[in-house]
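There are 2 protein chains.
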Amino acid sequence: MAEIKILKNIMDENLSQAAKNRQWFRSRKILALNLIASPGAGKTTFLEQTIKGLFPKFKLAVIEGDITGDHDARRIEALGVPVVQINTEGGCHLDAHMIDSVLSSLDLTGLKYLFIENVGNLVCPAEFDLGEELKVVVLSTPEGHDKPAKYPLIFSEAQAVIINKTDLLQAVDFDIDKAEHDIRRLNPNVPIFRLSCKTGEGLDKWLQWLTSQGTENS
Amino acid sequence: MAEIKILKNIMDENLSQAAKNRQWFRSRKILALNLIASPGAGKTTFLEQTIKGLFPKFKLAVIEGDITGDHDARRIEALGVPVVQINTEGGCHLDAHMIDSVLSSLDLTGLKYLFIENVGNLVCPAEFDLGEELKVVVLSTPEGHDKPAKYPLIFSEAQAVIINKTDLLQAVDFDIDKAEHDIRRLNPNVPIFRLSCKTGEGLDKWLQWLTSQGTENS
Chain A
0 MAEIKILKNI
10 MDENLSQAAK
20 NRQWFRSRKI
30 LALNLIASPG
40 AGKTTFLEQT
50 IKGLFPKFKL
60 AVIEGDITGD
70 HDARRIEALG
80 VPVVQINTEG
90 GCHLDAHMID
100 SVLSSLDLTG
110 LKYLFIENVG
120 NLVCPAEFDL
130 GEELKVVVLS
140 TPEGHDKPAK
150 YPLIFSEAQA
160 VIINKTDLLQ
170 AVDFDIDKAE
180 HDIRRLNPNV
190 PIFRLSCKTG
200 EGLDKWLQWL
210 TSQGTENS
Chain B
0 MAEIKILKNI
10 MDENLSQAAK
20 NRQWFRSRKI
30 LALNLIASPG
40 AGKTTFLEQT
50 IKGLFPKFKL
60 AVIEGDITGD
70 HDARRIEALG
80 VPVVQINTEG
90 GCHLDAHMID
100 SVLSSLDLTG
110 LKYLFIENVG
120 NLVCPAEFDL
130 GEELKVVVLS
140 TPEGHDKPAK
150 YPLIFSEAQA
160 VIINKTDLLQ
170 AVDFDIDKAE
180 HDIRRLNPNV
190 PIFRLSCKTG
200 EGLDKWLQWL
210 TSQGTENS
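Chains as they are written, first to last, in numbering that gives the first Met the number 0: chain A, 0 to 217; chain B, 0 to 217.
Written out as C-alpha cells, the structure is:
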C-alpha cells in the first residue's frame, strides 16, 4: 500500500523535525506552546488575555497558523508582541517544518514564551508534533460536553486543557463535570482550567500555572 | 514528489467514487445531503430538528460520521430513523468509498432524503466529495463571524449555509450581517438560513427550502 508508506514517511519526517525544534527551544530555555482548538473556541482571545497577563514582564513571540489571511496576527501585533503568520493555503494543520521555516524571522533573544496558534481543527493538529513543550487544548462551552469523548486524541495528549467561555454556561447545555470526567478518563493528571476570557474569571489560575512551567533545561 | 502524486491519486479516486455515488442516488431519486461543521456547531441537533420536520411524511436515512463512538447515531435512532455509523478511527473526514461501503446496510427503498453527518471539522471534509446533491455547512454564532473569511473553501462550495444558535446572539459577539456579507462574497447566491434549533426560530424556512429541492432526476 503505497499510500500508507508515504504517509508514514511524512509522519516520521515530521517527528524528526519536531525533535530538532524541541532541542532548539530547550537549549534557549524558550517554553513553546501549541494551542489547539475547534474553529471559534476562542483560541485568539485566550491568547490575547494570556499575553496581557505576561507581557511586558516576560518576552514573548507568537506564530499564527491560519489557512488564509492575517486577521489573528494583526490582533496579536496590536498588543506589541512580535508575530509571524503562517498561511497553510488549505492545509488543515501546522507541521514541524513550517515552524522551523519561520523561526529565523522572529527575534528570539531572551524569549521566555513562544505561543503557536494552530489552525482551527480539533482533529489533524493532534497528529503533528511541532516540537512544543506544552500542547494546550481549548474547549468552549457552546461546543458541548461530549467533545472530549468524541475527539479523544487531542485530549489524551494535552498538557493542559482550557474550558473556555464559562460565562455562557447559563445559556448553553454544557455539563462541565461530565466534560472534566471524560477528560480525566483520557488523561488522568492533566490540569484543567475553567475560565472566561470575557469576564476574566479563572485566568489568574491559568497564568499562575503557566509561569510555574519550565523547559527541561530551565 | 511522490507525496503529491499519491495525494493526487487519492483525490482522483475519491472523485471517481463520488461520481458513482451521485449517479446511484440520482437514479433512485434520493436527495443526499452532506452536513459539515466545526465540532460543537450543533450539526446533530440541527439534524434532529430537520428529521422531526420531515419524518414520517418522508422516508429518511442517516449516515453518521465520527472519529469514534456512536453517541450521535443513538440520538438519531431514538427518532425511529434508520442510521448507520461510520467510525473513521482518527480520520478527519468521510470519503466517497466509506459512503459506498455502508449503502448496502441501509434500506433505501422509497427513500427521499439521505443525511450524511460528516466528522466535526471545517477544513478537511470540504475537500472530499461524497456524491451528495447538497453540501450544507452549519456555522454557529459562538464561533464568531470571522469564520467564513478564515475557512473559505467550505463556504464557497456549500449549496446552503445555516447560521445556527441565533438564540445566543445576545450573549456572544457575532455580527450576523458581517458573516452573511463574507459568505456572499465567496458564494453570491447561496441560500443562508438564520435559525435556532433551541427555540425553533427559522426552522420552517429551512424545511420549506429543503422540501423544494430535488435531484437532477426528480
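Positions of the beta carbon are idealized from the N, C-alpha and C atoms, including for glycine. This structure is a prediction, so every number in the text was calculated from the model and none was measured.
Residue i, enclosing alpha helix (DSSP H) - first and last residue
i, result
"Ala-157 (chain B)", "Unbroken run through Ala-157 (chain B): none, as it is neither H nor E."
"Glu-47 (chain B)", "42-53"
"Glu-179 (chain A)", "175-185"
"Asp-71 (chain A)", "70-76"
"Thr-165 (chain A)", "Unbroken run through Thr-165 (chain A): none, as it is neither H nor E."
Beta-carbon neighbours of residue i, restricted to chain D and to distances below 7 Å
i, result
"Tyr-150 (chain A)", "The structure shown contains no chain D; its protein chains are A and B."
Delimiting residues of the beta strand (DSSP E) encompassing residue i
i, result
"Ala-31 (chain B)", "30-36"
"Asp-99 (chain B)", "Run containing Asp-99 (chain B): none in the beta strand (DSSP E); it sits in the alpha helix (DSSP H), 95-102."
"Leu-133 (chain B)", "133-139"
"Phe-57 (chain B)", "Taken as a continuous stretch (DSSP letters only), Phe-57 (chain B) belongs to no beta strand (DSSP E), as it is neither H nor E."
"Phe-192 (chain A)", "191-193"
Where residue i falls: helix, strand or coil (DSSP)
i, result
"Arg-21 (chain B)", "helix"
"Asn-86 (chain A)", "strand"
"Ile-66 (chain B)", "coil"
"Glu-116 (chain B)", "strand"
"Asp-11 (chain B)", "helix"
"Asp-203 (chain B)", "helix"
"Cys-91 (chain A)", "coil"
"Lys-149 (chain A)", "helix"
"Gln-16 (chain B)", "helix"
"Pro-81 (chain A)", "coil"
"Leu-129 (chain B)", "coil"
"Pro-124 (chain B)", "helix"
"Thr-210 (chain B)", "helix"
Rounded Cβ spacing between residue i and residue j (contact assumed at less than 8 Å)
i, j, result
"His-144 (chain A)", "Phe-114 (chain A)", "So it is not a contact: roughly 27 Å between Cβ atoms."
"Leu-105 (chain A)", "Val-80 (chain A)", "Actually they are not in contact, since the Cβ atoms of Leu-105 (chain A) and Val-80 (chain A) sit about 10 Å apart, beyond 8 Å."
"Phe-127 (chain B)", "Ala-95 (chain B)", "7 Å"
"Asn-163 (chain A)", "Gly-41 (chain A)", "5 Å"
"Ala-60 (chain A)", "Gly-130 (chain A)", "Ala-60 (chain A) to Gly-130 (chain A), Cβ: 15 Å. No contact."
"Ala-36 (chain B)", "Leu-121 (chain B)", "7 Å"
"Glu-63 (chain A)", "Ile-29 (chain A)", "Not a contact, Cβ separation roughly 17 Å."
"Thr-67 (chain A)", "Lys-149 (chain B)", "7 Å"
"Phe-45 (chain B)", "Ile-153 (chain B)", "With 8 Å as the limit, Phe-45 (chain B) and Ile-153 (chain B) do not qualify as a contact, their Cβ atoms being about 15 Å apart."
"Leu-167 (chain A)", "Ala-170 (chain B)", "6 Å"
Where residue i falls, given that 16 or more other Cβ within 10 Å makes a residue buried
i, result
"Thr-49 (chain A)", "buried"
"Thr-108 (chain A)", "exposed"
"Asn-51 (chain B)", "The amino acid at residue 51 (chain B) is misidentified as Asn; the sequence shows Lys. Result: exposed."
"Asp-176 (chain B)", "exposed"
"Thr-198 (chain B)", "exposed"
"Lys-19 (chain A)", "exposed"
"Arg-73 (chain A)", "exposed"
"Ala-125 (chain A)", "buried"
"Leu-93 (chain A)", "buried"
"Met-0 (chain B)", "Confidence at Met-0 (chain B) is low in this model, with a pLDDT of 39, below 50, so the placement of that residue is unreliable and no value is reported for it."
"Leu-14 (chain A)", "exposed"
"Ser-195 (chain A)", "buried"
"Asn-186 (chain A)", "buried"
"Glu-116 (chain A)", "buried"
"Ile-9 (chain A)", "exposed"
"Glu-88 (chain A)", "exposed"
"Leu-209 (chain A)", "buried"
"Gly-213 (chain A)", "exposed"
"Lys-111 (chain B)", "buried"
"Asp-181 (chain B)", "buried"
"Ala-178 (chain B)", "buried"
"Asp-65 (chain B)", "buried"
"Gly-39 (chain B)", "buried"
"Lys-7 (chain A)", "exposed"
"Ala-157 (chain A)", "buried"
"Asp-11 (chain B)", "exposed"
query: Is the number of C-beta pairs between the segment 52-61 of chain B and the segment 130-145 of chain B that are closer than 8 Å three or more?
result: no
task: Count the CB pairs spanning the segment 11-23 of chain B and the segment 192-202 of chain B that are closer than 8 Å, and state whether there are at least three.
output: no
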